[in-house]
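Chemist: Note that the sequence shown covers residues -19 to -1, 1 to 420 in mature numbering (1 follows the signal peptide of the UniProt record, and there is no 0). My questions will all concern the structure given below.
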Amino acid sequence: MGAAAKLAFAVFLISCSSGAILGRSETQECIFYNANWERDRTNRTGVESCYGDKDKRRHCFATWKNISGSIDIVKQGCWLDDINCYDRTDCIEKKDSPEVYFCCCEGNMCNERFSYFPEMEVTQPTSNPVTPKPPYYNILLYSLVPLMLVAGIVICAFWVYRHHKMAYPPVLVPTQDPGPPPPSPLLGLKPLQLLEVKARGRFGCVWKAQLLNELCHIAETMARGLAYLHEDIPGLKDGHKPAISHRDIKSKNVLLKNNLTACIADFGLALKFEAGKSAGDTHGQVGTRRYMAPEVLEGAINFQRDAFLRIDMYAMGLVLWELASRCTAADGPVDEYMLPFEEEIGQHPSLEDMQEVVVHKKKRPVLRDYWQKHAGMAMLCETIEECWDHDAEARLSAGCVGERITQMQRLTNIITTEDIVTVVTMVTNVDFPPKESSL
């Protein structure tokens, strides 16, 4: 093969490789950042893997604010198919002085660097007569353009190679200081907080640990959500938020996210209260019979805002009892799940059955004696009793229940003998019997 043929073959290979390189880059991962990570309960920083339909393009994005020359990142992550992001390899904001800057791009981790270059208004130049080009200009143009194209392809190939070789591996930045090494994989099914080493052996060690509290998180987020519904909030950005009574609080209408955050659902019977307006001729005896408050069963409702909010709190007390009945308390078994009053009147009670049990006999679901032996469970039982009090005016508010649960979490975080489990991380010559944790 002659020198000319080799040169042509090399140019062909470089052109083919450049076509693959200069084609549309596939976005697989993006830099992730969330300034509101505590509120959203997510990681603060890290790397996010992008997912989407095969026929849709994926991008990376970044949003930030420029306050007196100080750059404050708001959010970074993956962005789904957007025509404004097509074929952008760099994350650049071009709008003139926006309140929040936004840019998007294509390519792995392309939102790691972002910048702001506003588009300048281009004035149309006045038309001038075209000067005839000398004959040798075309010859020079046809000679230099192929050489510059080949040089550009080589430079781009080298840059992509270097960039790929020197790219940083994905690293998740921890939001807390790294703790002690994890226990055995068999213990990974339970969320354990390792506290201190109790003993060390030749092949491992024994840790003192505490089971994290799921009940408190569910109860607290449910109480906070109901408190937000009940609260009258003036002067919001989107306008005034009136107080709202749900009127059908029950465990079936409390949904859980993956992180066990409670979400109140089904607002079909909800009632909105606006200042200066009465509840009108709203029918009061609505909701699920099993969760109806005594005044609802009697048909003796005071059609005022606070009366409807207290009806919600009675039902919330029953939902808290359902949570407590399935919690591992100190030195006591966990009962099979039962609905409130199922033990007294079965699964399909009539309105008359509920009136007899709740109004006339003033019965409530049973609070087990051994629940009182645990400090946190004892506080929860007291809160439940004050929620389902027969006197509506004596019931707690949703905000007060949220504060009680927070105080309960602080109390259960104080390490006592009943609250500790012993974890053997590996086989060791020191034997400590494990003990079940409460809550």
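Note that CB positions come from ideal geometry on N, CA and C, so glycine has one too.
1. Could you name each continuous alpha helix (DSSP H) segment of 4 residues or more that falls completely within the segment 262 to 322, going from the start of the chain to the end?
2. If you draw a straight line from the alpha carbon of F289 to that of D334, how long is it in whole angstroms?
3. Sort Q388, M273 and E195 by Cα distance to T309 and report the nearest one.
4. Could you pull the DSSP bridge partners for Y14 from this structure?
5. Would you identify the three-state DSSP class for K238, choosing helix, strand or coil?
6. Rounding to the nearest angstrom, what Cα-Cα distance links T269 and R307 in this structure?
7. Taking three-plus beta-carbon pairs below 8 Å as touching, is the segment 19 to 36 in contact with the segment 70 to 79?
8. Given a threshold of 16 other Cβ atoms within 10 Å of its Cβ, counted over all protein chains shown, does P314 qualify as buried or as exposed?
9. Who are the Cβ neighbours of G50 in its own chain at under 7 Å, not counting the five residues just before and after it?
10. Assuming H198 is part of the alpha helix (DSSP H), what are its boundary residues?
11. Would you check if the segment 222 to 233 and the segment 244 to 255 touch, i.e. whether three or more CB-CB distances between them fall below 8 Å?
12. What's the C-alpha gap between T403 and V178?
13. Taking only the alpha-carbon atoms, compute the straight-line gap between L193 and G327 and give it to the nearest angstrom.
14. Does the separation of the CB atoms of C66 and E29 fall below 7 Å?
15. Please classify K231 as buried or exposed, where buried requires at least 16 neighbouring CB atoms within 10 angstroms.
16. Report yes if the C-beta distance between A243 and V382 is below 7 Å; otherwise report no.
17. Which residues bound the alpha helix (DSSP H) around E255?
18. If you count every other CB in all the chains shown that lies within 10 Å of the CB of P155, and 16 or more means buried, which is it?
19. CB residue 421 to CB L236, shorter than 7 Å?
20. Could you tell me the distance, in whole angstroms, from the CA atom of R391 to the CA atom of A356?
21. What's the C-alpha gap between A246 and N234?
22. Are the beta-carbon atoms of V81 and T23 separated by less than 7 Å?
23. Give me the Cα-Cα distance between I134 and K238, rounded to the nearest whole angstrom.
24. Along the beta strand (DSSP E) that carries T364, what are the first and last residues, could you check?
25. By the 10 Å Cβ neighbour count, where 16 or more other Cβ atoms means buried, how is A296 classified, buried or exposed?
26. Could you check how far apart the C-beta atoms of K56 and Y14 are, in whole angstroms? I think they sit under 8 Å.
27. So who's on the other strand from E75, going by DSSP bridges?
28. Which residue's Cα is closest to the Cα of E324: G216, P346, S331 and P127?
29. Measuring alpha carbon to alpha carbon, tell me which residue in F83, Q285 and L377 is nearest G257.
30. Taking the continuous beta strand (DSSP E) assigned at W45, which residues delimit it?
31. Using only the alpha-carbon positions, how far apart do R25 and D53 sit?
32. Would E7 pass as a contact of H40 if the rule is Cβ separation under 7 Å?
Modeler: So, to answer that:
1. 275 to 279 and 286 to 306
2. 23 Å
3. E195
4. T26 and Q57
5. coil
6. 22 Å
7. no
8. exposed
9. none
10. E195 to H211
11. yes
12. Residue confidence is low: T403 scores 42 on pLDDT, short of 50, so the model does not pin down where it sits. No coordinate-derived value is stated.
13. Unreliable positioning characterises L193 in this predicted model, as indicated by a pLDDT of 48, which lies under 50. The coordinate reading is nonetheless provided below. The alpha-carbon atoms of L193 and G327 are separated by roughly 34 Å.
14. no
15. buried
16. no
17. Taken as a continuous stretch (DSSP letters only), E255 belongs to no alpha helix (DSSP H), as it is neither H nor E.
18. Below a pLDDT of 50, predicted positions are generally treated as unreliable, and P155, at 49, falls in that range; no measurement from the model is reported.
19. Look at the range of the chain in this structure, -19 to 420, and you will see that residue 421 is not part of it.
20. 11 Å
21. 5 Å
22. no
23. 50 Å
24. It is not in any beta strand (DSSP E) - T364 instead sits in the alpha helix (DSSP H) that spans A356 to C368.
25. buried
26. 6 Å
27. It should be noted that the sequence gives Lys, not Glu, for residue 75. Partner(s): none; K75 has no beta bridge.
28. P346
29. Q285
30. H40 to I48
31. 14 Å
32. no
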